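Reading through the structure tokens given below for one structure.
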Amino acid sequence: LSLAATYLLARCVFQLPPFFSVLAATLLLTSLEQTIRLSIPLADLATQLFTTLAIIAAFGPWKLEVGARKFEIWSSHAFRGPGLGLGVFSALAYLTRYTQLLLIPGLVIGRWLLVANDWRRAAGRWPRAKRLLFHSSLFHSSLFIVSFFIVALPDFAYRTVAFGSPFAFASGELAQFSLADVPAVTLRLLTDLAADFNVAVPFIIVGVIALLRRHHRLALALTLVLGPVILFHLPYHYLKLRDLLFIFPALCALAAFGAHAAVSSQWSDASGQKSGDSNHRSRFTLHAQRSLFIVHCSLFILLAFRFNAQLPFLDDFYTYGFLTAGQRAQIESIADLTPPDAIVAGSLNTGAVSLYAGRDTLRPGRLLQPGRNWSDDEFLAFVKAAGRPLYLLMDSEEMAAPAAALRARLTPIAELYLPYYYRDGSATNELIPLYKVTLDEHLDQR
């Protein structure tokens, strides 16, 4: 779906020919980061898809047409105009990642920038245009607002019930935002982007320059949409490339736009040197077609160096949230090692424990949870009050403190080969001990 959305972005928004639109989609297909995210069910790809579709809905070919005999407002049709699609897709992007709310001002302003000239020309050629344009704008603005809130309403209701307000959020990651980290994070982000796009980087640069020269309004509109979200993330100390995966389709389309601009420029230069002789023109046309075919093939040959689709099937492949079949079996074995009413305390593997072992979990560690506000004593008091068997899975550096508080009560029962997480966000596959905790006689049931 993301590949199809990238093709539509290049075709409808960047107005590229089909071949170069396919090139944009292929660049996304051969991205290492994109391939890694395909291997795990996280929200990154959904955010990418809905963000791209929102941009297409806002900046796609919903144009006014002024003909010699008729004047047609394409956007007067609910399903052709931007209102419904923009509202639904921007709401879905927001639901998958709350920071995507920052897209909306840019989408609205960018839409106005792209159609402003068409509207002025239409108003000058047809006396009733202003009134129809006003009604069309009012209709689609209302459609956008209503559709956005209908789609987002379940989330607003959930946060109101869970946290007391529709504007309250559970994440404690804002504690990891600091302006002092912006230079280092920006440099790391640019380095990671250059490593991922590698041979496509020159085409992205050419594409940016060509877009500024030929379609400066579109360049400004895209900057207004994506810029605020990117800037919001830069102070985040643990920012990773996957957090900005939603910009990849635009970067791929820019690379394809740059390739198209480069090829078009060379072809135009050669065309300007043609002779007036018809036979020469015929020979040139054939030569140009062959040359263009060779250039096209060369672009796809370059993609061979970027093809990473097989990586998740290689030995020792790892990314956050990814488990091999053997590691999943290790997680499932926890069901045999613990009683059905057990609580397994751990770190970033607790989701897998809950899913595959069917055990309730909790995260007592503080290191990777900046929003945690309970002490180790409160953690122990909670476990005692629950009256259920407790087990500790030592799958992260943040489990050191809870284990130290329970050191005299730990009994090792197994070692599991699972991802072990570090403070900087990295991880390695290691043998991880699973401990049984004996708090009192009531809990000592196994």
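The numbers in this note's numbering rise by one with no breaks, and the one at position 169 of the sequence shown is 190. Note that the Cβ used here is the ideal one computed from N, Cα and C, for glycine as well. The structure presented is a predicted model; accordingly, all values stated were derived computationally and were not measured.
- Scanning its chain for C-beta atoms nearer than 7 Å, with the 5 sequence neighbours on each side dropped, one finds around Ala215 the residues Val222, in chain order.
- In the three-state reduction of the DSSP assignment, Phe188 falls in the coil class, being assigned neither a helical nor a strand state.
- For Ile57, same chain residues with a beta-carbon under 6 Å away, outside a window of 5 residues either side, are Thr340 in chain order.
- Collapsing the DSSP output to three states places Asp381 in a strand.
- Counting along the chain, the unbroken alpha helix (DSSP H) around Leu241 starts and ends at 237-254.
- Between Tyr412 and Ala366, the C-beta spacing is below 9 Å.
- Residue pairing by DSSP puts Val458 in a beta bridge opposite Leu411, Leu431.
- Listed as beta-bridge partners of Ile364 by DSSP are Asp381, Leu411.
- When the five nearest sequence neighbours on each side are left out, the beta carbons in the same chain lying within less than 8 Å of the beta carbon of Val229 are those of Ala240, Leu275, Gly279, in order along the chain.
- If the five residues before and after Pro454 are omitted, its C-beta is found closer than 6 Å to the C-beta atoms of Met415, Pro433, Glu436, all from its own chain and listed in chain order.
- Taken through DSSP and simplified to helix, strand or coil, Ala346 comes out as helix.
- Here Leu48 has Ala221, Cys273, Ala276 as same chain residues with Cβ atoms under 6 Å from its own Cβ, once five neighbours each way along the sequence are excluded.
- In terms of CA proximity to Ser23, Ala75 leads the group Leu210, Val167, Pro39, Ala75.
- Here Ile166 is exposed. Its C-beta has fewer than 16 other C-beta atoms within 10 Å.
- DSSP lists no beta-bridge partner residue for Ile225.
- Excluding sequence positions up to five before and after Leu255, its CB lies within less than 6 Å of the CB of Val203, Val206, Thr207, all in the same chain and listed in chain order.
- Annotation for Leu74: the continuous alpha helix (DSSP H) segment containing it runs 65-80.
- Under the DSSP assignment, Ala421 falls in the alpha helix (DSSP H) whose first and last residues are 421-426.
- Here Thr72 is not near Phe35, since their CB atoms are 9 Å or more apart.
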